[in-house]
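Asker: Using this note's numbering, the first residue of the sequence shown is number -4, and each one after it goes up by one. Sending over a structure as structure tokens; questions will come in a sec.
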Amino acid sequence: MNKRYSMLFSVTAVAVLAATLFGSTYTQSQTVGSTLAASSHDSMSKTIHEMGGLKLVMPQAFAAVDCDNVEQGRNVVSLDLYAKSVDLPVMGGKTYHAQTFSGQIPGPTVRVTQGDVVKMTLTVPADEPTPHGNDMHASQMSAGNFGKVLPGTSHTYCYVADVPGTFKYHCSGIDVAAMDQHVLSGMYGIAIVDPLNGYKPLLVEKTKVDGGKIVKDRKSYSADAREFQLQYNQLYLDDEGGYDQSKMFKHETTYTVVNGMSFGYVPNANHNKLIKGDPAKNIFVVQPWNGDELKQYQSQLLFVETDQHVRFFIENQGNMPVFWHIVGEIIDRVTQGNVVQAKGTETYEIGGSQGAIFDVVFDEPGVYVAVNHDYAAIFSGAATVMVAGDPFGLNKQLGTNAASYADLLGNPSDAVPPTGKNSIAEPKINLHGLYTDERADEIKKELGL
Ligand SMILES: [Cu+2]
């Protein structure tokens, strides 16, 4: 067995022990407010609710934008969303009351080039039990555009995506009332705004021994990269699968989710069979989504090549920090907007409602795990397993020269963003995500599966 893999077992064995405790112990240390503070937050939220949202307080801010003016001479990219409240699975065979954009969590990613116009239309079907709204952080416009959209109606706005980067969009609730519930129940997504002149090449600095001396060994990788999107959030649930606001105020996470699911990117029964010859013998200590019968919810792995530029679009959709780290790797570069924020860093913190772009070259074949290096988050779902190269010799056995398992097994549909300025296309994509069955069928068709 690969050395890195066995190390992983010991790390995750500790994880599971701790996971049995996380419901009671970690939340105590995470609780920042006293009962008193929580109750005053509760009452403010209640007051906003009773007022019918913030619109009543500042009606003058709610002027609509004129799309024709905004669109002059620019490329227009449409993002058409519909709101849907529906029960979706959580690990352990249960479901929860999810709220979605277009029947999927996260909502569809819109990808544009800096200077393009995003034309967003949100439709709230007549049978939806509540109004919704959409606040897109890639925009710079009056918050009035994000006001409530009533069931049976649609709302459109347009904006110029002037700043490159990864940006959240999220339901703004009923003019802010219940916004926390809607976002933490699944109504979020991202806009990726590619820089006008494309991404920068990636310079990776190592060392080598040359003539008996240790010298710097720099290697430049093209801006073109394999790409992944990972969005972090929390679920705060009561025993019936409903949203529990009192848990949110106390930061008492029920599950940490990555692209909507806890431990959604870990091995499944098929991987067990490939590695151990037996689908029932787990190769990773947490495999809550093992079987084929789980369809689009069956866990999948991320496959990358070694010695290749990989770009991650990361967004923190939740209200706890994400300390983004890859077990076994150093992050070569972190970018926000047009600014390089870090190079050669072990971990980079992304605050609530913040995005960043991470560039990484995986050095050697093996198993790596992207985590939120907050132990409470790791043990409640924020562990994403990636396999670089061919550490198990499977490609050799199967007579292929592929540089990773992406060609053979494919990468998960919800982790691969739409292609942009400098994307290297995936050789194969498989269906995976917190989609309704209806939405899964549509995505299958889109992908030609
Ligand atoms: Cu909503």
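Beta carbons: idealized from backbone N, C-alpha and C, even for Gly.
For Asp234 and Val71, I'd like the C-alpha separation in whole angstroms.
Answerer: 44 Å
Asker: Based on the DSSP output, what are the partners of Pro407 in its beta bridges?
Answerer: Asn425
Asker: Within 7 Å (strictly less), CB to CB, does Glu344 reach chain C?
Answerer: Judged by its chain identifiers, the structure shown contains no chain C, having just a single protein chain.
Asker: Please output, in chain order, the residues near ligand 1 using a CB cut-off of less than 5 Å to any non-hydrogen atom of the ligand.
Answerer: Here the residues come out as His127, Cys166, His177 and Met182.
Asker: Report all residues from its chain with a CB closer than 8 Å to the CB of Asp82; omit the five preceding and five following residues, and keep chain order.
Answerer: Thr90, Tyr91, His92, Ala93 and Gly236
Asker: Leaving out five residues before and five after Ala401 in sequence, what residues of the same chain have Cβ atoms less than 7 Å from its Cβ?
Answerer: Closer than 7 Å at the Cβ level, and outside the excluded window around Ala401, lie Phe298, Glu421, Pro422 and Lys423.
Asker: Output needed for Asn285: all residues of its chain with C-beta closer than 6 Å, excluding positions within five of it in sequence on either side, in chain order.
Answerer: Within the same chain, Asn285 has close Cβ partners Asn263 and Ala264.
Asker: So what's Phe308 in DSSP terms, helix, strand or just coil?
Answerer: Strand, per DSSP.
Asker: Is it the case that the Cβ atoms of Leu429 and Ile100 are separated by a distance below 7 Å?
Answerer: Cβ atoms of Leu429 and Ile100: closer than 7 Å.
Asker: Any idea what DSSP makes of Cys166, helix, strand or coil?
Answerer: coil
Asker: Have a look at the DSSP bridge pairing and note the partners of Ser80.
Answerer: Its beta-bridge partners are Gln94.
Asker: Which residues mark the beginning and the end of the beta strand (DSSP E) in which Asn228 is found?
Answerer: Boundaries of the beta strand (DSSP E) around Asn228: Arg221 to Leu230.
Asker: Could you give the C-beta distance for Tyr152 and Met182, rounded to a whole number, given that I count them as a contact under 8 Å?
Answerer: About 17 Å; that fails the 8 Å criterion.
Asker: Taking the alpha-carbon positions, what's the Thr30 to Pro274 distance?
Answerer: Note that Thr30 scores 38 on pLDDT, short of 50, meaning its location in the model is unreliable; the coordinates nonetheless yield the value given after this. Between Thr30 and Pro274, the C-alpha separation is close to 48 Å.
Asker: If you reduce the DSSP assignment to three classes, tell me which class Val65 lands in.
Answerer: helix
Asker: Have a look at Ala172, Ala378 and Gly350 and flag the residue whose alpha-carbon is nearest the alpha-carbon of Asn367.
Answerer: For the set Ala172, Ala378 and Gly350, the Cα lying nearest the Cα of Asn367 is the one of Ala378.
Asker: Less than 7 Å between the C-beta atoms of Gly68 and Lys416, yes or no?
Answerer: Using a Cβ distance threshold of 7 Å, Gly68 and Lys416 do not count as a contacting pair.
Asker: Taking C-alpha atoms, which residue in Val85, Pro120, Trp319 and Lys79 lies nearest to Leu289?
Answerer: Per the Cα distances, Val85.
Asker: Any idea if Ser215 is buried or exposed, counting beta-carbon neighbours within 10 angstroms, 16 or more meaning buried?
Answerer: exposed
Asker: Could you tell me which of Phe308, Lys276 and Cys166 sits nearest to Tyr227, measuring between CA atoms?
Answerer: Phe308
Asker: Can you give the Cα-Cα distance for Val356 and Ala156, rounded to whole angstroms?
Answerer: If you draw a straight line from the Cα of Val356 to the Cα of Ala156, it is about 29 Å long.
Asker: Tell me the rounded alpha-carbon separation between Tyr260 and Met315.
Answerer: 21 Å
Asker: Assuming the contact rule is C-beta atoms closer than 8 Å, Tyr250 and Ser180 should be a hit. Round their C-beta distance to whole Å, please.
Answerer: That belief does not hold up - the Cβ atoms of Tyr250 and Ser180 are roughly 12 Å apart, past 8 Å.
Asker: Kindly give me the distance between the Cβ atoms of Thr301 and Gly206, rounded to whole angstroms, as I take these residues to be in contact under 8 Å.
Answerer: That belief does not hold up - the Cβ atoms of Thr301 and Gly206 are roughly 27 Å apart, past 8 Å.
Asker: Kindly provide the ranges of any alpha helix (DSSP H) runs that are 4 or more residues long and lie completely inside the stretch 236 to 297, ordered along the chain.
Answerer: 240 to 244 and 264 to 271
Asker: Under a Cβ-count criterion, where at least 16 other Cβ atoms within 10 Å of its own Cβ denotes burial, should Asp61 be classed as buried or exposed?
Answerer: exposed
Asker: In the DSSP output, which residue or residues are listed as bridge partners for Gln176?
Answerer: According to DSSP, which records beta bridges pairwise, Gln176 is partnered with nothing at all.
Asker: Can Tyr363 and Ile321 be called in contact, C-beta distance under 7 Å?
Answerer: yes
Asker: Does Tyr194 come out as helix, strand or coil in the three-state DSSP assignment?
Answerer: Look at Tyr194 here: in three-state DSSP terms it is coil, with no helix or strand label.
Asker: Looking at the secondary structure, which residues open and close the alpha helix (DSSP H) in which Tyr370 lies?
Answerer: Run containing Tyr370: Tyr370 to Phe374, per the alpha helix (DSSP H) assignment.
Asker: Here's a check: name, in chain order, each residue in its chain whose Cβ is nearer than 8 Å to the Cβ of Asp467, leaving out the five neighbours to either side.
Answerer: Absent from the structure is residue 467, since the part of the chain shown begins at -4 and ends at 444.
Asker: Just to confirm, are Thr342 and Phe318 a CB contact at a threshold of 7 Å?
Answerer: yes
Asker: Look at Pro413 and Thr161 and say whether their C-beta atoms are less than 7 Å apart.
Answerer: The beta carbons of Pro413 and Thr161 sit no closer together than 7 Å.
Asker: List the DSSP bridge partners of His150.
Answerer: Leu117
Asker: Find out if the Cβ-Cβ distance for the pair Gly361, Glu310 is shorter than 7 Å.
Answerer: No. Outside cutoff.
Asker: According to DSSP, is Gln392 part of a helix, a strand, or is it coil?
Answerer: helix
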